[in-house]
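Residue numbers (the working numbering), protein chains in the order written: chain A, 884 to 1099; chain B, 884 to 1099.
Glycine included, C-beta positions come from ideal geometry on N, C-alpha and C.
First up is the structure itself, then whatever we jot down about it.
There are 2 protein chains.
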Amino acid sequence: MPLNTLIEPTVCVVDVSSGGMGGATGHYAKKFDDLAGLYGDTEAFEAMRGDWSERIVYDVSDFRLRSAPGDLAFGVTRMSPGKVGNEFFLTRGHIHKQPDRPEIYYGQKGSGLMLMESPEGDIRIVAIEPLAVCYVPPYWIHRSVNVGSGDLVMLFCYPSDSGQDYEIIARSGGMRARIVDDGANGWKRVENTLWRPRDAATIAALRQQYSDEAGR
Amino acid sequence: MPLNTLIEPTVCVVDVSSGGMGGATGHYAKKFDDLAGLYGDTEAFEAMRGDWSERIVYDVSDFRLRSAPGDLAFGVTRMSPGKVGNEFFLTRGHIHKQPDRPEIYYGQKGSGLMLMESPEGDIRIVAIEPLAVCYVPPYWIHRSVNVGSGDLVMLFCYPSDSGQDYEIIARSGGMRARIVDDGANGWKRVENTLWRPRDAATIAALRQQYSDEAGR
């Protein structure tokens, strides 16, 4: 049905220092307590609760007018530095509900990683520093990790109709890899011993959407 | 048809100084001569040819693996400063072949404008400075203009299946507004006297794709 009005052009100004964005249409924040169950060291998590329970670990400001196919959403995410035990702070992570939708992240401040897992359980890790654009291709579960000593700030952009499935990670007992302090001011990857492979039916349901074109 | 291989995650590093991007899959450059017919002052354009013919006015580095619906393309564009007569350097401009596809631009260096025109001929102008994200909504013809004294560098991102129609502007005798020097180190908008409105059939063909959702 034709409309008489178009969407008006907009400008959103990124505040790299605070990790916010002017003109955002949405905002959410994740407190430490919201992240229960994500970290390997549950004792360390419980021990931190006294100080950290209500503190915001990461927050997201986004601009998204609608969920129509073909449109774009974008925004800024900011994550505090820190560790639970020896595991660096991370986001919940997700795969898109439409799993063939990609996402791009653009580093603005701090040192981060994009931790990605395929439906089959293959892991990829990409460093995100300022001026690095990470292309998370279709079908990859993804989560960001702050491996630096200050805030991690990134821009992101994804197709408006992507949707987010945050449960896919919990259903496998977490992502297959954890990112921990290497004891030498860096990070290393360790295996998540609680990780369970997705079953054949789950993989097939995701994979049936792979198209011939995806490999081009 | 299922594939055995996923697309591999990638990182592209933006070089703000040169306006390039590592890891790009494509690149193109527009020389001064390629921009014949875009500027109002054709005499000034001809007079500049001696010095400028082969010089690159703007160039684009992009990352685009495929044109599948739902995927994303992104890149970096760099435009030199300059004027033809009193009119600031600009890009050819386009509407998307799928006109309901938007685009976002993120200023990295310099002072630019996004000059936008609706099918009906309404003009919007948004300033793009570093840290400003401009959302060009569906159905807007758009072109960027360098109103600064140095390079204009921006990131961009658009749906991979957008396509570009560069001819829509030429068919109307240019965009309705031109951006010229205001004589006081700034810019002003003037009317393009050669501009012709799109006819009702052309507007209807674009508008038939507006959906109820577009206004939400």
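Original post:
Who does methionine 1037(A) pair with in a DSSP beta bridge?
Top reply: In the first sequence, the residue the question calls residue 1037(A) occupies position 154. According to the DSSP secondary-structure assignment, methionine 1037(A) is paired through a beta bridge with Thr960(A), Gly990(A).
**OP:** Alpha carbon to alpha carbon, how far is glutamine 1047(A) from isoleucine 1086(B)? Give it in angstroms, no decimals.
**Re:** Here the question's residue 1086(B) lines up with position 203 in the second sequence. Here the question's residue 1047(A) lines up with position 164 in the first sequence. Taking the CA atoms as reference points, isoleucine 1086(B) sits about 36 Å from glutamine 1047(A).
Original post:
Any contact of the segment 1018–1034 of chain B with the segment 968–983 of chain B, i.e. 3+ C-beta pairs under 8 Å?
Top reply: The segment 1018–1034 of chain B is in contact with the segment 968–983 of chain B.
Original post:
Can at least three beta-carbon pairs, one atom from the segment 890–909 of chain B and one from the segment 944–963 of chain B, be found at a separation below 8 Å?
Top reply: Yes, the segment 890–909 of chain B is in contact with the segment 944–963 of chain B.
**OP:** Counting only the same chain and skipping the five closest in sequence on each side, list residues whose C-beta sits under 8 Å from that of glycine 1098(A).
**Re:** Stepping through the first sequence from its first residue, residue 1098(A) is reached at position 215. In this prediction, glycine 1098(A) has a pLDDT of 42, which is less than 50 and means its spatial position is unreliable; nothing more can be read from the coordinates.
Subject >> For phenylalanine 915(A), three-class secondary structure by DSSP >> reply: What you label residue 915(A) is simply residue 32 of the first sequence in a count that begins at 1. Residue state for phenylalanine 915(A) is assigned as helix, using DSSP reduced to three classes.
**OP:** Please classify glutamate 970(B): is it buried, with 16 or more other beta-carbons within 10 angstroms of its beta-carbon, or exposed?
**Re:** To locate residue 970(B), count along the second sequence from 1; it is residue 87. Burial call: buried.
Subject >> threonine 974(B), buried or exposed, once every other Cβ within 10 Å from all chains shown has been counted against 16 >> reply: Taking the second sequence and counting its residues from 1, one reaches residue 974(B) at position 91. Threonine 974(B) is classed as buried because its beta carbon has at least 16 other beta carbons within 10 Å across all chains shown.
Subject >> Close beta carbons around aspartate 1034(A), own chain, < 8 Å, minus the five adjacent residues each side >> reply: The residue you call residue 1034(A) lines up with position 151 of the first sequence. Gly902, Arg961, Met962, Ser963, Pro964, Lys992, Gly993.
Subject >> Span separating the alpha-carbon of tyrosine 911(B) from that of isoleucine 978(B) >> reply: The residue given as residue 911(B) occupies position 28 in the second sequence. The residue given as residue 978(B) occupies position 95 in the second sequence. Straight-line measurement puts the Cα of isoleucine 978(B) at about 18 Å from the Cα of tyrosine 911(B).
**OP:** Compute the distance between the beta-carbons of glycine 995(B) and arginine 1059(B), then report whether it is under 8 Å.
**Re:** Residue numbering aside, residue 995(B) sits at position 112 when the second sequence is read from its first letter. Residue numbering aside, residue 1059(B) sits at position 176 when the second sequence is read from its first letter. Not closer than 8 Å, so no.
**OP:** Would you grab the beta carbon distance between serine 1043(A) and arginine 947(A) for me? Rounded to a whole angstrom, and I think it's under 8 Å.
**Re:** On the first sequence, position 160 is the one that residue 1043(A) refers to. On the first sequence, position 64 is the one that residue 947(A) refers to. In this structure serine 1043(A) touches arginine 947(A) by the C-beta definition: roughly 6 Å separates them, less than 8 Å.
Subject >> Beta-carbon gap between isoleucine 939(A) and lysine 913(A) smaller than 8 Å >> reply: Working through the first sequence from its first residue, we reach residue 939(A) at position 56. Working through the first sequence from its first residue, we reach residue 913(A) at position 30. In contact: isoleucine 939(A) and lysine 913(A) (Cβ atoms closer than 8 Å).
**OP:** In angstroms with no decimal places, state the Cα-to-Cα distance between leucine 886(A) and glycine 953(A).
**Re:** The sequence position of residue 886(A) within the first sequence is 3, counting from 1. The sequence position of residue 953(A) within the first sequence is 70, counting from 1. Per-residue confidence for leucine 886(A) stands at a pLDDT of 49, beneath the threshold of 50, marking its modelled position as unreliable; the derived number appears in the next sentence. So the two alpha carbons sit approximately 18 Å from each other.
**OP:** Kindly indicate which three-state DSSP category threonine 908(B) falls into: helix, strand or coil?
**Re:** Along the second sequence, one-based indexing puts residue 908(B) at 25. In the three-state DSSP reduction, threonine 908(B) falls in the coil class, being neither helix nor strand.
**OP:** Just the C-alpha distance for valine 897(B) and tyrosine 941(A), rounded to the nearest angstrom, thanks.
**Re:** In the second sequence, residue 897(B) corresponds to position 14, counting from 1. In the first sequence, residue 941(A) corresponds to position 58, counting from 1. In this structure, the CA atom of valine 897(B) is about 25 Å from the CA atom of tyrosine 941(A).
**OP:** Specify, as a first and last residue, the run of the alpha helix (DSSP H) that threonine 1085(B) falls within.
**Re:** Numbered from its first residue, the second sequence carries residue 1085(B) at position 202. DSSP places threonine 1085(B) in the uninterrupted alpha helix (DSSP H) bounded by 1083–1090.
Original post:
Counting only beta-carbon atoms, is glutamine 981(B) nearer than 8 Å to chain A?
Top reply: Walking along the second sequence from the start, residue 981(B) turns up at place 98. So, interface residue.
Original post:
Within this structure, are the beta carbons of isoleucine 1052(B) and glycine 976(B) separated by less than 8 Å?
Top reply: By one-based count along the second sequence, residue 1052(B) stands at place 169. By one-based count along the second sequence, residue 976(B) stands at place 93. Their beta carbons are under 8 Å apart, which means isoleucine 1052(B) touches glycine 976(B) by this criterion.
Original post:
Can you tell me the Cα-Cα spacing of valine 1028(B) and isoleucine 1008(B), whole angstroms?
Top reply: Numbered from 1 along the second sequence, position 145 holds the residue referred to as residue 1028(B). Numbered from 1 along the second sequence, position 125 holds the residue referred to as residue 1008(B). Taking the straight line from one Cα to the other gives about 10 Å.
Subject >> Residue nearest to phenylalanine 915(B) in terms of C-alpha spacing, selected from Thr925(B), Pro1080(B), Trp1070(B) >> reply: Taking the second sequence and counting its residues from 1, the one referred to as residue 915(B) is at position 32. Proximity to phenylalanine 915(B) across Thr925(B), Pro1080(B), Trp1070(B) peaks at Thr925(B), based on C-alpha coordinates.
Original post:
Do phenylalanine 1039(B) and glutamate 986(B) have their C-beta atoms closer together than 8 Å?
Top reply: Within the second sequence, the letter at position 156 stands for residue 1039(B). Within the second sequence, the letter at position 103 stands for residue 986(B). Yes, they are a contact pair.
Original post:
Which residue comes first and which comes last in the beta strand (DSSP E) that contains methionine 931(B)?
Top reply: Residue mapping note: residue 931(B) aligns to position 48 of the second sequence, counting from 1. DSSP places methionine 931(B) in no beta strand (DSSP E) but in the uninterrupted alpha helix (DSSP H) bounded by 925–935.
Original post:
So, helix, strand or coil for arginine 1054(A), using DSSP?
Top reply: In the first sequence, the residue the question calls residue 1054(A) occupies position 171. Looking at arginine 1054(A) - three-state DSSP - the assignment turns out to be helix.
Original post:
On the premise that alanine 1015(B) lies in contact with valine 894(A), defined as a C-beta separation below 8 Å, what is that separation, rounded to the nearest angstrom?
Top reply: The residue labelled residue 894(A) in the question sits at position 11 within the first sequence. The residue labelled residue 1015(B) in the question sits at position 132 within the second sequence. The Cβ separation is near 5 Å, so the contact holds.
Original post:
Closer than 8 Å, CB to CB, is leucine 1089(B) near chain D or not?
Top reply: You won't find chain D in this structure, because its protein chains are A and B.
Original post:
When you compare only the Cα positions, how much space is there between leucine 889(A) and glycine 909(A)?
Top reply: Numbered from its first residue, the first sequence carries residue 889(A) at position 6. Numbered from its first residue, the first sequence carries residue 909(A) at position 26. A direct Cα-to-Cα measurement between leucine 889(A) and glycine 909(A) gives close to 21 Å.
Original post:
Buried or exposed: which applies to leucine 1089(B), given that a residue is buried once 16 or more other Cβ atoms fall within 10 Å of its Cβ?
Top reply: For the purposes of this step, residue 1089(B) is identified with residue 206 of the second sequence, where counting begins at 1. Buried.
Subject >> Member of Ala951(B), Tyr989(B), Tyr922(B) whose CA lies at the smallest distance from the CA of valine 1073(B) >> reply: The sequence position of residue 1073(B) within the second sequence is 190, counting from 1. Just measuring C-alpha positions, the residue of Ala951(B), Tyr989(B), Tyr922(B) sitting nearest valine 1073(B) is Tyr922(B).
**OP:** Output the boundary residues of the beta strand (DSSP E) element that contains lysine 1071(A).
**Re:** Mapped onto the first sequence, residue 1071(A) falls at position 188. Where lysine 1071(A) is concerned, the enclosing beta strand (DSSP E) starts and stops at 1070–1074.
Subject >> Positions along the segment 1071–1087 of chain B whose CB lies within less than 9 Å of some CB in chain A >> reply: For the segment 1071–1087 of chain B, the residues whose beta carbon sits under 9 Å from a beta carbon of chain A are, in order, Ala1087.
Original post:
Identify the residues that DSSP records as bridge partners of glycine 995(B): which are they?
Top reply: Within the second sequence, numbered from 1, the residue matching residue 995(B) stands at position 112. Its beta-bridge partners are Ile1011(B), Asn1029(B).
Original post:
Excluding five sequence neighbours on each side, which residues of the same chain lie with their C-beta closer than 7 Å to the C-beta of tyrosine 1018(A)?
Top reply: For this step, residue 1018(A) is matched to residue 135 along the first sequence. The answer, listed in chain order, is Pro985, Ile987.
Subject >> Where aspartate 945(B) falls, given that 16 or more other Cβ within 10 Å makes a residue buried >> reply: For this step, residue 945(B) is matched to residue 62 along the second sequence. Aspartate 945(B) is buried by the Cβ-count criterion.
Original post:
Within the 8 Å Cβ cut-off, does glutamate 1096(A) reach chain B?
Top reply: Mapped onto the first sequence, residue 1096(A) falls at position 213. Residue placement at glutamate 1096(A) cannot be trusted, given a pLDDT of 44 that sits under 50; what the coordinates show is reported in the next sentence. Answer yes: the Cβ-Cβ gap between glutamate 1096(A) and chain B drops below 8 Å somewhere.
Original post:
Under the rule that 16 or more other beta-carbon atoms within 10 Å means buried, what is proline 1002(A), buried or exposed?
Top reply: Reading the first sequence from its first residue, position 119 is the one you call residue 1002(A). Under this definition proline 1002(A) is a buried residue.
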